[in-house]
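Only one structure is covered here, and it is reproduced in the block below.
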Amino acid sequence: MGDTIKLKFDDNFEGEEKEVLNKLICLTRSICKKDIKNMSKLLHHKFILVRGSGRKELKQEFLRDIRKDVLHYVEATIKNPKINVDGDHATIDVKIYIKTRLSGAQVIWDLKSHFILKKKEEEGWLFREWDTT
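In this note's numbering, the protein residues as written are 24 to 156.
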């Protein structure tokens, strides 16, 4: 399993924005490592993944697909995140280039991503939605 995460941006984030960015890096790394336990901690219980096709997938479906290698991501590059924090809500608009390998074939997906996060008192920032449409 891969765990290579490349960062392509000037890291001038501070405070809450830096916390949100670190959550994105942790989530991306967990996806590439297939670390379901850590992913589960980072995703809100009502998490929704909106695929490029528009199909919506709930948290448990997303975790199942990672666990069963339906989604076999091995490397990712996070490019130029734009982070907005407003109280206990945050958004990230970012390009993520994610490499996948299946049956010997290698593909790099260019995911224009919009994340919505919610800050919970106990858990901190959690991903509520990941929209790749």
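For glycine and all other residues, C-beta sits at the position ideal for the given N, C-alpha and C.
Next item on the list: Would you be able to state if there are at least three C-beta pairs under 8 Å between the stretch 57-68 and the stretch 82-90?
Entry: yes
Next item on the list: Compute the distance between the beta-carbons of I28 and A99, then report whether it is under 7 Å.
Entry: yes
Next item on the list: May I ask you to verify whether the stretch 107-119 touches the stretch 71-85, counting CB pairs closer than 8 Å and requiring at least 3?
Entry: Output reads no: the stretch 71-85 does not touch the stretch 107-119.
Check: Which whole-angstrom value is the C-beta distance of R90 and K69, which I expect to be below 8 Å?
Finding: That pair is no contact at about 20 Å.
Next item on the list: Assuming L149 and V43 form a contact by the criterion Cβ under 8 Å, report the distance between their Cβ atoms to the nearest whole angstrom.
Entry: The pair is not a contact, with the Cβ atoms about 11 Å apart (cut-off 8 Å).
Next item on the list: Quick one: give me the first and last residue of the alpha helix (DSSP H) that D34 is part of.
Entry: Careful: D34 lies outside any alpha helix (DSSP H) and carries neither H nor E.
Next item on the list: Take the Cβ of M24 as the centre, count every other Cβ of all protein chains shown within 10 Å, and call the residue buried at 16 or more, exposed below.
Entry: Confidence at M24 is low in this model, with a pLDDT of 46, below 50, so the placement of that residue is unreliable and no value is reported for it.
Next item on the list: Classify T123 as helix, strand or coil using the three-state DSSP reduction.
Entry: Here T123 sits in strand by DSSP.
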